[in-house]
Amino acid sequence: MRKNIVAGNWKMNTTLDEGVELANELSTMLENRPVNCDVIICVPFTHLVAVRGVIAGSQLQLGAENCSEHDKGAYTGEVSASMVKSTGASHVILGHSERRQYFGENNEQLLAKTRLALANDLKPIFCVGEVLEERENGSYNDVVRGQVEALFELTPEEFSNIVIAYEPVWAIGTGKTATAEQAQDMHAHIRKVISEKYGNDIADNTSILYGGSCKPSNARELFAKPDVDGGLIGGASLKAADFMGIIEAFD
Ligand code: PEP
57 MRKNIVAGNW KMNTTLDEGV ELANELSTML ENRPVNCDVI ICVPFTHLVA
107 VRGVIAGSQL QLGAENCSEH DKGAYTGEVS ASMVKSTGAS HVILGHSERR
157 QYFGENNEQL LAKTRLALAN DLKPIFCVGE VLEERENGSY NDVVRGQVEA
207 LFELTPEEFS NIVIAYEPVW AIGTGKTATA EQAQDMHAHI RKVISEKYGN
257 DIADNTSILY GGSCKPSNAR ELFAKPDVDG GLIGGASLKA ADFMGIIEAF
307 D
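In case it helps, this note's numbering puts the sequence shown at residues 57 to 307.
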């Protein structure tokens, strides 16, 4: 059966010391506190190795926020999937709307990144989601279908290692959350799109996370929906108590 997952996306926040302190706080809070979901923290590249040391032996898993579409070589400033893997990370966020919007990442590049992540034994947390205009003009189901279909060159075995995060762009960092019903409708749609290509077993086993202004006060209602398997958490993952409050929504 698919896993429930709460994943934090720290984005471009925290210095190294602050990040280590946050990871430390979280792993202390989780000590002797069994939880009912996988918990992943996706941190800046610069923090991966130090955070790995801090969370070793805890229930926390480690992820990066991006990786290169190239394997290796003359790409100054880029960080490859194999480099990410070598830090001890198990996951990588790909296709976040901020990457699509501010860095122009397109479907082709995202497929290349996903392939490299999988080839290096990293689990992609692959983000999809419509912008406000697409929500308002009613094209949101088609838009998200297209973003998911961008991965359909993957083999069934490859696809079964993907986690999807539905993040309506109008809800990210805006304080405006999708209603639990809007999230459920889209998650069910995504699962159907996956099942059309890969069959019911793979679709049923794919974890689909919700992201967009998720916080302790709304997580329980969102996660109670049958196709919402957890959350990708931005702002609220930067405060250990808030992140814990979201994890506890699975109690
Ligand atoms: C995100 O950026 O992945 C996100 C969901 O952000 P926030 O929780 O701050 O809306």
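For every residue, glycine included, the Cβ atom is placed at its ideal position computed from N, Cα and C. Bear in mind the structure is a predicted one, so any value in this text is a computation, not a measurement.
Residue burial classification, residue i (beta-carbon count within 10 angstroms, cutoff 16)
i	result
Lys128	exposed
Glu121	buried
Met57	exposed
Asn261	exposed
Tyr158	exposed
Asn65	buried
Asn274	buried
Ser142	exposed
Ala206	buried
Glu154	buried
Arg89	exposed
Per DSSP, the bridge partner or partners of residue i
i	result
Leu118	Ile97
Val76	Paired residues: none, contrary to the question.
Leu167	In the DSSP output, where bridge partners are listed per residue, Leu167 has none listed.
Cys123	Per DSSP, none; premise fails for Cys123.
His152	Answer is none; His152 lacks a bridge partner.
Leu288	Ala63, Gly267
Close beta carbons around residue i, own chain, < 7 Å, minus the five adjacent residues each side
i	result
Leu83	The sequence given here has Ser at residue 83, not Leu. Excluding positions up to five away in sequence, the list reads Val110, Ile111, Ser114, Leu116.
Leu72	Thr102, His103, Ala106
Asp298	Lys271, Pro272, Ala292
Pro224	Gly185, Glu186, Arg191, Ala234, Gly268
Gly231	Ser269
Met68	Pro100
Arg201	Val249
Trp226	Val187, Leu188, Arg191, Lys232
Ile258	Pro212, Phe215, Ser216, Ile250
Element boundaries [alpha helix (DSSP H), containing residue i]
i	result
Asn308	Residue coverage of the chain in this structure runs from 57 to 307, which leaves residue 308 outside it and unanswerable.
Ile250	236-254
Lys141	137-142
Asn65	Note, Asn65: premise wrong, no alpha helix (DSSP H); beta strand (DSSP E) at 61-65.
Ile303	296-303
Gly133	Where Gly133 is concerned, there is no enclosing alpha helix (DSSP H), given that its DSSP letter is neither H nor E.
Gly109	104-111
Glu209	Element bounds for Glu209: n/a, residue is neither H nor E.
Glu192	188-192
Glu277	272-279
Whole-Å CB distance - residue i paired with residue j, under 8 Å assumed
i	j	result
Ile264	Gly287	So it is not a contact: roughly 10 Å between Cβ atoms.
Gly144	Arg108	4 Å
Val204	His243	Not a contact, Cβ separation roughly 11 Å.
Ile246	Tyr222	6 Å
Leu278	Ala239	6 Å
Leu294	Leu78	7 Å
Ala296	Glu164	At roughly 38 Å, the Cβ-Cβ gap does not stay under 8 Å, so Ala296 and Glu164 are not in contact.
Gly290	Ile228	7 Å
Same chain only: Cβ atoms within 8 Å of residue i, ignoring 5 sequence neighbours per side
i	result
Ser124	Tyr131, Glu134, Val135, Ser136, Ala137, Lys169, Leu172
Leu150	Asn122, Cys123, Leu166, Lys169, Thr170, Ala173, Pro180, Ile181, Phe182, Cys183
His147	Ala63, Ile96, Cys98, Gln117, Leu118, Gly119, Ala120, Leu178, Lys179, Pro180, Ile181, Val219
Ala175	Ala137
Same chain, Cβ closer than 6 Å to residue i, five either side skipped, listed in chain order
i	result
Asn92	Phe306
Val199	Glu186, Glu190
Tyr254	Pro212, Phe215
Asn361	Outside the displayed span of the chain (57 to 307) sits residue 361, for which this structure offers no information.
Met300	Met85
Asn256	none
Lys59	Asp94, Ser263
Endpoints, the beta strand (DSSP E) within which residue i is located
i	result
Phe182	179-184
Val219	219-222
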